[in-house]
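Trainee:
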Amino acid sequence: MSESAATGPRSFEALARAAARRDALDERSLRREFVTFTLDGDPYALPIERVREIVRMRPITPVPRVPAAIRGVISLRGEVVEVLDLRRRLGMPERAPTRASRIIVLHGDDGAVTGLLVDSVRDVLRITEEHVRPASGGEADSVAALLARGDQFVSLLDLERVLELAG
Amino acid sequence: MATRRRGDRRRTKAHREFVSEAEEILERRRDELTDLADGRGRGAEPDPELVNRLFRSAHSLKGLSGMFGLDGISELSHHLEDVLDRLRLGRTQLDDAALALLDDSVALIGSALEKLEDGDAAGVDEEAALLIGRIDAWTAAPAPSDAPGELELDPAMLRALTEYEEHRLRENVRRGRRIHVVDASFDILSFEEGLAELTAAVREVGEVLSTLPSPGESPESQIRFSLLVASELDAAALAARLELPADAVRSGSRRAGEASAAQPPPDAPETRDEELAAPARETDPDAGDGGPLELGSLKSISETVRVDIRKLDELMNLVGELVIQRGALAKLARTLRHDPATARAGAELEKVHKGLERKLQELQAGVLEVRMVPLRQVFEKLSRVVRRLRRDTDKEVRLEIRGADTELDKLIVEELVDPLMHVVRNAFDHAIESAEERQAAGKSREGSIRLEAYQRGNDVVIAATDDGRGIDVEAVRRRAVERGLLAPGDELSRKELLDLVFAPGLSTRGEVTETSGRGVGMDVVRANITALGGVVDLDSIAGRGTTVTMTLPITLAIIQALIVGAADQRFAIPLNSVRETLLLDPRDVQRSDGRELLNLRGEALPLRRLALEFQLGASEREQKQYAVVLGIGDARLGLLVDRLEGQQDVVIKPIQGPVRSVRGIAGATELGDAGAVLVLDVSALVDDARAREVREATGRRAP
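Protein chains in written order, with this note's numbering: chain A, 24 to 190; chain B, 7 to 709.
#1: Tell me the residue span of the beta strand (DSSP E) that contains A/Pro70.
#2: Could you tell me which residues DSSP puts in a beta bridge with B/Val762?
#3: At least one CB of chain B closer than 8 Å to the CB of A/Ile126: is that the case?
#4: In terms of residues, what are the limits of the beta strand (DSSP E) holding B/Met378?
#5: Name the chain B residues that come within less than 9 Å of A/Leu188, Cβ to Cβ?
#6: For the segment 126-150 of chain A, which segments carrying the beta strand (DSSP E) assignment without a break, of at least 3 residues, lie completely within its bounds, in sequence order?
#7: Can you list, in chain order, the residues of its chain with a C-beta nearer than 7 Å to that of A/Ala167? Leave out the 5 residues immediately preceding and following it.
#8: Which whole-angstrom value describes the C-beta separation of B/Leu604 and B/Ala633, a residue pair presumed to lie in contact below a C-beta threshold of 8 Å?
#9: I need the straight-line Cα distance from B/Arg364 to B/Thr348, nearest angstrom please.
#10: Quick check for students: name the residue ranges of the alpha helix (DSSP H) that lie wholly in the segment 96-127 of chain A, counting only runs of 4 or more.
#11: Using a C-beta to C-beta distance shorter than 7 Å, which residues of chain A count as neighbours of B/Gly681?
#12: Between A/Ile93 and chain B, is there a C-beta pair that is closer than 8 Å?
#13: I'd like to know if A/Leu182 contacts chain B, where contact means its C-beta is closer than 8 Å to some C-beta of that chain.
#14: Classify B/Thr536 as helix, strand or coil using the three-state DSSP reduction.
#15: Taking C-beta pairs closer than 7 Å, name the residues in chain A that B/Gly670 reaches, listed in chain order.
#16: Do you know how far the Cα of B/Leu457 is from the Cα of B/Ala410?
#17: Leaving out five residues before and five after B/Val4 in sequence, what residues of the same chain have Cβ atoms less than 8 Å from its Cβ?
#18: Check the Cβ-Cβ distances between A/Glu76 and every residue of chain D, and say whether any is below 8 Å.
#19: Can you list, in chain order, the residues of its chain whose CB lies under 7 Å from that of A/Val155, leaving out five sequence neighbours each side?
#20: So, B/Ile638 versus B/Leu538, is the Cβ gap smaller than 8 Å?
#21: With B/Met110 as the anchor, note down where its beta strand (DSSP E) starts and where it stops.
#22: Could you confirm whether any beta carbon from chain A is found closer than 8 Å to the beta carbon of B/Ile661?
#23: Less than 8 Å between the CB atoms is what I'm expecting for B/Leu32 and B/Gly116, so what's the real figure, rounded?
#24: At least one CB of chain A closer than 8 Å to the CB of B/Gln575: is that the case?
#25: Can you tell me the Cβ-Cβ gap for A/Leu139 and A/Arg94, rounded? I've got them flagged as a contact below 8 Å.
#26: Do you know whose CA, among B/Ser450, B/Leu506 and B/Phe434, lies nearest B/Ala441's CA?
#27: Would you identify the three-state DSSP class for B/Phe74, choosing helix, strand or coil?
#28: Taking 8 Å as the threshold (C-beta atoms), are A/Val147 and A/Val58 in contact?
#29: Near B/Arg94, which residues of its chain fall below 7 Å by C-beta distance, leaving aside the five closest residues on each side in sequence?
#30: Alpha carbon to alpha carbon, what distance is there between B/Arg382 and B/Ile185?
#31: Looking at the strands, I want to know which residues DSSP matches up with B/Ile185.
#32: Counting beta carbon pairs with one atom in the segment 28-46 of chain B and one in the segment 105-114 of chain B, are three or more of them shorter than 8 Å?
#33: Can you pull the chain B residues whose beta carbon is under 8 Å from the beta carbon of A/Glu102, in chain order?
#34: State the DSSP-derived secondary structure class of B/Ala351, mapped to helix, strand or coil.
#35: Put B/Gly139 into one of helix, strand or coil per three-state DSSP.
#36: Quick check on B/Pro559: buried or exposed, where buried means 16 or more other Cβ atoms within 10 Å of its Cβ?
Here it is, written out as structure tokens:
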């Protein structure tokens, strides 16, 4: 009985707290986070929500009968994951992986995962919407937008395009 | 357009599933009704469990048909529920009229389902409405009333009974059974199992009328129940039978003490209160001791546990990882032993490893065994289908089943239902001739389909044999040429021609009947079986019959593989498709019309070089090579590799990423040290090699 009397003010308080939290959330949602990495000397970015983990280079088993951009598969704690060589995918000059090379493991929409081989991983970029510029026409193929960081532009990859492979 | 078509297909698939599920319910209901009528014929009381089952089946059918917008059937099922509810509550007796209503409803729903399968359910609602009218007339008849029995029971307990439970109580008293209250306490975490076991034990000697949580004090981790039980046994005998302490069973019947039934009821509540309350209080003080004691005695009944299959999968994965770790350990031991400085430690490690290996094998076998289920369920489903087909058509076909106890991994058994169903329906529809045709051909009028399962090594073989018309290989050839699968002059053996039955889009009979799952051919059966790591093969003699043989691994989780090397890469080949391996002298390789062959004991074995097949880069031609002889059914292929690296247990994992499926690769596995190793899809490789030969031969012939 005393419980039902207490629900009034308590739920009121809860409502107020929820409202405050929602405001904070709105502000934060304007600021988005990206993982940045380099390819052939230039900076690129991916939305952080798509990144499951980043792992060091490890033996890649070549797979026959797949497009050349697929370097092969790696074994990741029991999962077998294809690795897409982003240099090959974007038509950049070939280069053997180095100590700095990393594999960025992505979540797929359907729960499946894919690895992206990149030259190195830099940091997490936090910017607000006003720093996002449309991509210039020529690169529209695989770059979704340009992210302004100081006086430098970071290319945001269009993941759906990049992962759509011929064959 | 494309999406709409897909939507339609899904709807028809859902529809088919509905029809088959409804048919299953109906099939069971027919059997139950027969039992009910038989019981009545013998003059016995209707078995309450049987009436309950009928009630539940009407309820499921109501929900199912409602979901599919079949209002007539749904409404009819609702009224049937009413009828059965009255019967189970004892409000009405089972009479001829009730039985006729139930029988007619089964017939009506059965014919409605058939119409539905034809895609035309016209007239069903009207027929249902007529029957509903009859049901209403029947239920309007007055129900007999029953005087409540006299019992020594806690009124609180009586008040808690549902109408049905009260009816069962009265019914049991009327029949002179004794009524008891059985107290039991269980561990709060596992009381459901304990209660289920106790209930099952009671059912062997009587009926559980009601199960009520008991208010008596009990230790925190325990929960108490009182079961209202009807039985021929007296309290002491019941307690002994249930392996419970004597004071856990209290008599609720007066007749135990020969008390006169004439005792005025108004007195009863007080004495009852005391009688019931006192023992409860008595047992409370030693509930601490009594609890474990009761549990201990219940444990003797406990023999089974239900486990979520996913938990078993996790366990299986863990065992798989352990198996891989063991492989790494074996390799380490070998390396150590080969170095003189560490040879002794290496030898020790190898010994330890041997012990580990044995235990691991036992563990693996143990986990596998838990996943095994007999094929019986699938076979029973098939025999129901054949019974239904036999009823709906005028064919006379007998289904014989052998080896229903053969066990397979639960997951495989589930995936087998569709392909087996297809094979059996094919046999029924196409292979078995009409009785007249059979008689004219000098066969028995009744055709037979034999399903046989047995274990062979690490595989289970399921063979479906019919004694029907068999497959005419010349008809298959003509059809294949028509479809462009074969050039007119191609020389194919009888075996190879029969194998064409599995080619997509080749059906040996022009017509497609209602029951055979239109347009789905043996190619789908092969695809299903191959996906399970199995192999399907067919043999047939025109006029005599056909045998479809499916060979399946006992489990999907771990397979034995042969590890081979080609160029600088390693591959795993499932051992169940490796027939033999040969060290090859390059001079033995013969060429015929640009193709490489090997004379294998007089047979020409076509050869493929794995390094070329997968463009792995050059492997030295002069270097010694091995031929791995692969066999899928009767087809053979020699796969040339550079190295044989031994056998190993591997866990096949699917490959994740943008390119999902690669022809010739079944998946990948981890070999401990070197990351992922690809597992070859042998049946795709063998198929491709054969298809290429046919293509090349055809290409050369055409100018």
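The C-beta atom is built at its ideal place from N, Cα and C for all residues, glycine as well.
All figures in this text were calculated on a predicted structure; none of them were measured in a lab.
Mentor: This is what the structure gives:
#1: One-based indexing of the first sequence puts residue 70 of chain A at position 47. Its beta strand (DSSP E) spans residues Asp65 to Pro70.
#2: With chain B running from 7 to 709 in the structure shown, residue 762 of chain B is simply not present.
#3: Residue mapping note: residue 126 of chain A aligns to position 103 of the first sequence, counting from 1. No - not a single Cβ of chain B is within 8 Å of the one on A/Ile126.
#4: One-based indexing of the second sequence puts residue 378 of chain B at position 372. Its beta strand (DSSP E) spans residues Met378 to Pro380.
#5: Stepping through the first sequence from its first residue, residue 188 of chain A is reached at position 165. Per Cβ cutoff of 9 Å: Pro664 and Val665.
#6: 136-141
#7: The count along the first sequence starts at 1 and reaches residue 167 of chain A at position 144. So the qualifying residues of the chain are Ala158, Leu179, Leu180 and Asp181.
#8: As a working mapping, residue 604 of chain B is identified with position 598 in the second sequence. As a working mapping, residue 633 of chain B is identified with position 627 in the second sequence. Rounded, the Cβ-Cβ distance is 6 Å, consistent with contact.
#9: Reading the second sequence from its first residue, position 358 is the one you call residue 364 of chain B. Reading the second sequence from its first residue, position 342 is the one you call residue 348 of chain B. As the crow flies, the alpha-carbon of B/Arg364 is around 24 Å from that of B/Thr348.
#10: Those alpha helix (DSSP H) runs which fall completely within the segment 96-127 of chain A and span 4+ residues are 109-112.
#11: For the purposes of this step, residue 681 of chain B is identified with residue 675 of the second sequence, where counting begins at 1. Chain A residues near B/Gly681: Arg81, Pro82, Thr84, Ile97 and Ser98.
#12: As a first step, residue 93 of chain A must be located in the first sequence, where it is residue number 70. Yes, A/Ile93 counts as interfacial toward chain B.
#13: Position 159 of the first sequence, counted from the first residue, corresponds to residue 182 of chain A. Cβ-Cβ to chain B under 8 Å: no for A/Leu182.
#14: Mapped onto the second sequence, residue 536 of chain B falls at position 530. The answer is helix: DSSP assigns B/Thr536 an H, G or I state.
#15: Residue 670 of chain B sits at position 664 when you count from the first residue of the second sequence. Residues of chain A passing the Cβ test: Arg88.
#16: Counting from one through the second sequence, the residue named residue 410 of chain B turns up at place 404. Counting from one through the second sequence, the residue named residue 457 of chain B turns up at place 451. The straight-line gap from Cα to Cα measures roughly 9 Å.
#17: For residue 4 of chain B there is no data in the structure shown, the boundaries of chain B being 7 and 709.
#18: Here chain D cannot be found, since the structure's protein chains are A and B.
#19: Position 132 of the first sequence, counted from the first residue, corresponds to residue 155 of chain A. So the qualifying residues of the chain are Ala168 and Leu170.
#20: The residue given as residue 638 of chain B occupies position 632 in the second sequence. The residue given as residue 538 of chain B occupies position 532 in the second sequence. Cβ atoms of B/Ile638 and B/Leu538: not closer than 8 Å.
#21: Taking the first residue of the second sequence as position 1, residue 110 of chain B is located at position 104. The question names Met, but residue 110 of chain B is Asp in the sequence shown. For B/Asp110, no beta strand (DSSP E) segment is defined; the enclosing uninterrupted segment is the alpha helix (DSSP H) at Asp102 to Glu123.
#22: As a first step, residue 661 of chain B must be located in the second sequence, where it is residue number 655. Flagged as an interface residue toward chain A: B/Ile661, by a C-beta distance shorter than 8 Å.
#23: As a first step, residue 32 of chain B must be located in the second sequence, where it is residue number 26. As a first step, residue 116 of chain B must be located in the second sequence, where it is residue number 110. Confirmed, about 6 Å.
#24: The residue you call residue 575 of chain B lines up with position 569 of the second sequence. The beta carbon of B/Gln575 falls within 8 Å of a beta carbon belonging to chain A, placing the residue at that interface.
#25: Within the first sequence, residue 139 of chain A is the residue found at index 116, counting from 1. Within the first sequence, residue 94 of chain A is the residue found at index 71, counting from 1. Actually they do not touch by this definition, with Cβ atoms about 10 Å apart.
#26: Within the second sequence, the letter at position 435 stands for residue 441 of chain B. Checking every option, the nearest Cα to that of B/Ala441 belongs to B/Ser450.
#27: To locate residue 74 of chain B, count along the second sequence from 1; it is residue 68. In the structure shown, B/Phe74 sits in coil (DSSP, three-state: anything other than H, G, I, E or B).
#28: Residue numbering aside, residue 58 of chain A sits at position 35 when the first sequence is read from its first letter. Residue numbering aside, residue 147 of chain A sits at position 124 when the first sequence is read from its first letter. In contact: A/Val58 and A/Val147 (Cβ atoms closer than 8 Å).
#29: Working through the second sequence from its first residue, we reach residue 94 of chain B at position 88. Answer for B/Arg94: Pro54, Val57, Asn58, Phe61 and Tyr170, listed in chain order.
#30: As a working mapping, residue 185 of chain B is identified with position 179 in the second sequence. As a working mapping, residue 382 of chain B is identified with position 376 in the second sequence. Their backbone Cα atoms lie some 39 Å apart in a straight line.
#31: By 1-based counting over the second sequence, the position of residue 185 of chain B is 179. According to DSSP, which records beta bridges pairwise, B/Ile185 is partnered with B/Ala236.
#32: They touch, by the three-pair rule.
#33: Taking the first residue of the first sequence as position 1, residue 102 of chain A is located at position 79. What A/Glu102 touches in chain B: Lys659 and Gln662.
#34: Indexing the second sequence from 1 puts residue 351 of chain B at position 345. In the structure shown, B/Ala351 sits in a helix (DSSP, three-state: H, G or I).
#35: Sequence index remark: in the second sequence, residue 139 of chain B carries index 133 (1-based). In the structure shown, B/Gly139 sits in a helix (DSSP, three-state: H, G or I).
#36: What you label residue 559 of chain B is simply residue 553 of the second sequence in a count that begins at 1. So B/Pro559 ends up on the buried side.
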